[in-house]
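Peer 1: First the structure, then my questions, so here it is.
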Amino acid sequence: MCSFRPLTNISRMVSWSFSEIRNAHLWPISVAITLIIACIFAITALAERVEQAVVKQGKEALTADTVFVSSNPIPERLYELTRSPDISTSLQTRFATMAFSDQAMKLVMVKSVDSRYPLRGNLVLADNEGIRSSVHPRELWLDERLFTILDISIGDNVTIGDADFQVTGRVVEEPGLSFNPFQQMPSVYIHGSDLDKTGAIQLGSRVRFSLFINAQDSSIESIKQNLTLTPSDRWKDQNTASRTNEVFQRTEQYLSLTVVIVVLMAATILAFTCQHYVESRRKTIAMLKSLGASKVWLIRWISIQILILFSGAIIAGVCVGIALEYFLRIPLVDVLPTPLPSYGLSPLFISVLTSVLICIPALGIPLQRLLNINALEVMQPKGDTNWSYWTFSLLLVPIIPMVWVYRDNTLIWVVLGGVVSLLILLAFISVFIMRLLTSLRLPTSFKLALSRMNRSPIATSLQFGALALSLMLLAVIWLVRSDLLSDWQRTVPVNAPNAFALNIAPYEKDAYLDALDNNNVERSDAYPIIRGRLSKINGHEAKKVAQGREGTDVLRREINFTYATEVPDHNLLLQGSWTTQKGVSVESDVAKDLNLEIGDSLEFVINGQVAIAEVNSIREVEWRDMKPNFYFIFTPDVLKDISATYLVSFRVESDQDLFLNGLSRNYPTVSLMDIRQMGAKIQQLLEQMVWSITLLAALGVVAGVLLIFTLLRLSLSQRQEEIRLYRTLGASKRRVMRTIWAEYGLLAIIAGLIAVLGAELVVAGVVSFGFDLSPSPHFVMWFVLPSLTFCTLALAINSLLNQLLAPTNKEFG
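Shown next as structure tokens:
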């Protein structure tokens, strides 16, 4: 009897390990790890760059890292907190006043800034000598529209308040993306040193003081903590700057969701690959033990093989990931900032660490079974070896870091909870469907396939569950992307109004509307505008009732009220009904924040007068449609004794510039705001985000298809023994192939259909809780996903066709 002689020489052990690797038993593991590293590296690197671009866009929209805004002068305490070489600041004082030329006058928004403004973004100014980017003392820069309205040219004099200025040039582009139509009067820029001589700021004047701050996040947080805010103060950052920042937040959420889903798919394929490896090596390990190999030697031998494969997978995965990120970045040349932000070493660290954490349980649990195989299995194979509780504790290795990283990310936990629940549910549904199919009259190939699958329900359910899980995650990536983009398309609708007319006096309203109608301009109704404050709720001070909740934004300042005879068509009535007397309709978010209900009594202060109304309805408002929208809409009787001006929104095309200029000249006291340029800037930003989201979604889908392909190949390769048995019993190649197609065809179609069902449920939860959107069905996916699965199956079968049948051909001629 020969005895086993352990290979004590490391070089010989390594040589033997390479020899074992060449037998292809471990290559699937190497491919799986390479895929994990490549996908995570590429997605993380691209996401890092896109996120930097998103954050940069967000801060440029804000024109700084953060902004302190107040209706009072900037407190000295804040100046003290920001006196640091590492902190940059810029002061802006903004107020509305009249601008006069010798020919006309116009209500304008004066922005008094220092020469450092803006800290982020671009201020493009043009004079007779070229382009400028900052304002200096004794300069006056005017919005392009004012040159026509005031009938002036560069070098002419314009009076702002008590001061006369010589026009320096034109404002070509302003920083920021805010598009509140009530605050978009034509802009006038002067230097902060010239503010006092205008005499426009007096006691009681409506002024907004803004201190723009650029600093590290830690410094900004320290400043905020050491500054006590008054009711007139607030901070604006990337999350609160404007409604467009909703796009930034959702993009970041989607990036993290895509990475997590790809990791889940990769972990699934790695687990099944390792399971296949264990099953293929049971006899080898039993034989080595029967020859005297110790457990320590086996651990060392297998560890060397895994280390060799893991090292090669890291190198290959990083190289493929770098190349993949490069090619995926090509369409984003205009999206990403210049110079291109570096992704540093974080993608390498994240991809390798993630793969290691996944591999510890994926390899550790099956290898523990492999190492515990009894030597007697050489003669008499047994079932699974006993499991130990500590083995399953290895699952905590990737779970604990994941819990820590995503502890505050509700969206990720919604996805994971849905995945775990639906994986079990879908596996049971699949087996149930297979049992039902056996009662039907089917061809022989299908009967053989069903008989085989029903003989091993646990294995079948796992197979269905794994395939359905991969398909479901793939579908989730794409469907969330579709819902997200559908919502973004409503941010600036194609036919949205792009001009607003404010301060229309009652005596000129009809004439102004006739001018629009006579030129076939599509417009909204004319809404009366009255400014005021909400002071009391059911007889109690509104600010005390609000208790600092988000809805108190309507309590910090005067807001615009209107009255109407009915709820506007573009608002959705949620509760209550319109009344004709002493009623007020409230926007749903305000009603929620202030706990307002139908029948509550609200007291308002308007131009020194008190108005009381009862909540008669609650409306849902889509603020992004650029139509006139209001927090509160009164019945006409409540505000009948208070004078109002009118607002109308309308849409003009590029060939109607002369009409707009004539409208401004004929109605000089009306504030006409042309927001076409601003709308184009927002649309450009959204198109960039669409590219980013689509690209990441496509990458996730490609990774998912590759994983599904690998799963099917593994499952088919495990059928070789059974195929040999069929051929031994006389089955023809045609019969074998028909049975394989029947079995895996049913697997693909059923798994595809139940994956769509699961994806619809998960996506509904994701878009509702993660993105605050209304879910909608995706009927096309019910056809696309099963078809995609079937095509992937065809590729897997064709790639293994010779491998499956060639051995039998050789044996039986």
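All residue numbers for the sequence shown refer to the working numbering, where the first residue is 54 and numbers rise by one.
C-beta: ideal position from N, C-alpha, C; glycine also.
The structure presented is a predicted model; accordingly, all values stated were derived computationally and were not measured.
Excluding the 5 residues flanking Leu569 on each side, which residues of the same chain have their C-beta closer than 7 Å to its C-beta?
Peer 2: Around Leu569: Arg576 and Phe703.
Peer 1: Just the C-alpha distance for Asn279 and Thr135, rounded to the nearest angstrom, thanks.
Peer 2: 11 Å
Peer 1: Can you give the Cα-Cα distance for Phe232 and Tyr720, rounded to whole angstroms?
Peer 2: With a pLDDT of only 43 at Phe232, under the threshold of 50, the placement of this residue in the model should not be trusted; the figure read from the coordinates follows. Rounded to the nearest angstrom, the two C-alpha atoms are 23 Å apart.
Peer 1: Just grab the DSSP bridge partners of Pro581 for me.
Peer 2: Tyr699
Peer 1: Looking only at its chain, what residues have a beta carbon closer than 7 Å to the beta carbon of Pro681, apart from the 5 residues adjacent to it on each side?
Peer 2: Ser577, Tyr580, Leu700 and Ser702
Peer 1: Whole angstroms is fine: what's the gap from Tyr797's alpha carbon to Phe832's?
Peer 2: 24 Å
Peer 1: If you drop the 5 nearest sequence neighbours on each side, which residues of the same chain put their C-beta closer than 8 Å to that of Asp889?
Peer 2: The displayed coordinates of the chain run from 54 to 866. Any statement about residue 889 would go beyond what the structure contains.
Peer 1: Cβ of Ser483 within 8 Å of Cβ of Ala521?
Peer 2: yes
Peer 1: Could you tell me the boundaries of the alpha helix (DSSP H) in which Ile140 lies?
Peer 2: Counting along the chain, Ile140 falls outside any alpha helix (DSSP H), and DSSP gives it neither H nor E.
Peer 1: Among the residues of its own chain, which have a CB less than 7 Å from the CB of Asp204, if the five just before and after it don't count?
Peer 2: Ser154, Gln156 and Ala157
Peer 1: Quick one: is Ser670 buried, meaning 16 or more other Cβ sit within 10 Å of its Cβ, or exposed?
Peer 2: buried
Peer 1: Measure the CB-CB distance between Ile612 and Thr698 and report whether it falls below 8 Å.
Peer 2: Not a contact, by the Cβ cut-off of 8 Å.
Peer 1: Does the segment 634 to 652 touch the segment 708 to 716, meaning 3 or more C-beta pairs lie closer than 8 Å?
Peer 2: Touching, no, given that fewer than three Cβ pairs across the two stretches are closer than 8 Å.
Peer 1: Give, in chain order, every unbroken run of the beta strand (DSSP E) that is at least 3 residues long and sits entirely within the segment 151 to 238.
Peer 2: As for any beta strand (DSSP E) of minimum length 3 sitting wholly inside the segment 151 to 238, the runs are 158 to 166, 177 to 180, 183 to 185, 193 to 196, 210 to 213, 216 to 219 and 222 to 226, ordered along the chain.
Peer 1: Can you round the beta-carbon distance between Leu176 and Ser187 to whole angstroms, since I take them to be within the 8 Å contact cut?
Peer 2: Under the criterion of beta carbons closer than 8 Å, Leu176 and Ser187 qualify as touching, at roughly 7 Å.
Peer 1: Where does Gly866 sit, in a helix, a strand or coil, going by DSSP?
Peer 2: Caution is warranted here: a pLDDT of 37 is assigned to Gly866, below 50, making its placement in the model unreliable, and no coordinate value can be reported.
Peer 1: Between the Cα of His244 and those of Ile352, Val163 and Ser446, spot the shortest distance and give me the residue it belongs to.
Peer 2: Val163
Peer 1: Counting only runs of 3+ residues fully inside the segment 607 to 646, write out the beta strand (DSSP E) ranges in chain order.
Peer 2: Counting only runs of 3 or more residues that sit fully inside the segment 607 to 646, the beta strand (DSSP E) segments are 612 to 616, 625 to 629 and 636 to 640, in chain order.
Peer 1: Three-state secondary structure (DSSP) at Tyr797?
Peer 2: Tyr797: helix per DSSP, three-state reduction.
Peer 1: Can you tell which of Val122, Leu814 and Ala91 has its C-alpha closest to the C-alpha of Ser474?
Peer 2: Leu814
Peer 1: From the DSSP output, in three-state form, read off Phe481 for me.
Peer 2: helix
Peer 1: When you compare the segment 368 to 376 with the segment 80 to 96, are there three or more beta-carbon pairs, one atom per stretch, that lie closer than 8 Å?
Peer 2: Yes, the segment 368 to 376 touches the segment 80 to 96.
Peer 1: Closer than 8 Å by C-beta to Leu351: which residues in its own chain qualify, once you throw out the five before and the five after it? Chain order, please.
Peer 2: Ile338, Leu341, Lys342 and Leu424
Peer 1: What span of residues does the alpha helix (DSSP H) with Ile403 cover, start to end?
Peer 2: Ser399 to Leu424
Peer 1: Work out the CA separation of Met525 and Leu848 for me, nearest whole Å.
Peer 2: Roughly 20 Å separates the two Cα atoms.
Peer 1: Would you mind working out which of Tyr616, Gly208, Ile314 and Ile850 sits nearest Phe685, comparing C-alpha positions?
Peer 2: The shortest Cα separation from Phe685 among Tyr616, Gly208, Ile314 and Ile850 belongs to Tyr616.
Peer 1: Use the C-beta contact count for Ala77: other C-beta atoms within 10 angstroms, 16 or more gives buried, fewer gives exposed.
Peer 2: Note that Ala77 has pLDDT 48, beneath the 50 cutoff, so the model's placement of it is unreliable and the number below is only indicative. Flag for Ala77 reads exposed.
Peer 1: Do the CB positions of Ser143 and Asp167 come within less than 8 Å of each other?
Peer 2: yes
Peer 1: With a cut-off of 8 Å, do at least 3 Cβ pairs link the segment 585 to 594 to the segment 653 to 673?
Peer 2: Contact holds: three or more Cβ-Cβ distances are below 8 Å.
Peer 1: When DSSP builds the beta bridges, which residues end up paired with His593?
Peer 2: Bridge partners of His593 according to DSSP: Ile590.
Peer 1: Just to confirm the assignment, what range does the beta strand (DSSP E) spanning Asn571 have?
Peer 2: Here Asn571 belongs to no beta strand (DSSP E); instead the alpha helix (DSSP H) covers Lys562 to Asn571.
Peer 1: If Leu627 sits next to Glu673, beta carbons under 8 Å apart, how far is it from one beta carbon to the other, in whole angstroms?
Peer 2: 5 Å
Peer 1: Would you decide whether Lys159 is buried or exposed? Buried here means 16 or more other CB atoms lie within 10 Å of its CB.
Peer 2: Buried is the call here.
Peer 1: Taking contact to mean 3 or more Cβ pairs, one atom from each stretch, closer than 8 Å, check whether the segment 354 to 364 and the segment 552 to 572 are in contact.
Peer 2: no
Peer 1: Ala294 to Ala117, Cα distance in whole Å?
Peer 2: Caution is warranted here: a pLDDT of 44 is assigned to Ala294, below 50, making its placement in the model unreliable, and the coordinate value is therefore given only provisionally. Between Ala294 and Ala117, the C-alpha separation is close to 10 Å.
Peer 1: Spatial neighbours of Pro419 within its chain, please: C-beta separation below 6 Å, excluding the five flanking residues on both sides.
Peer 2: Excluding positions up to five away in sequence, the list reads Cys327, Gln328 and Val331.
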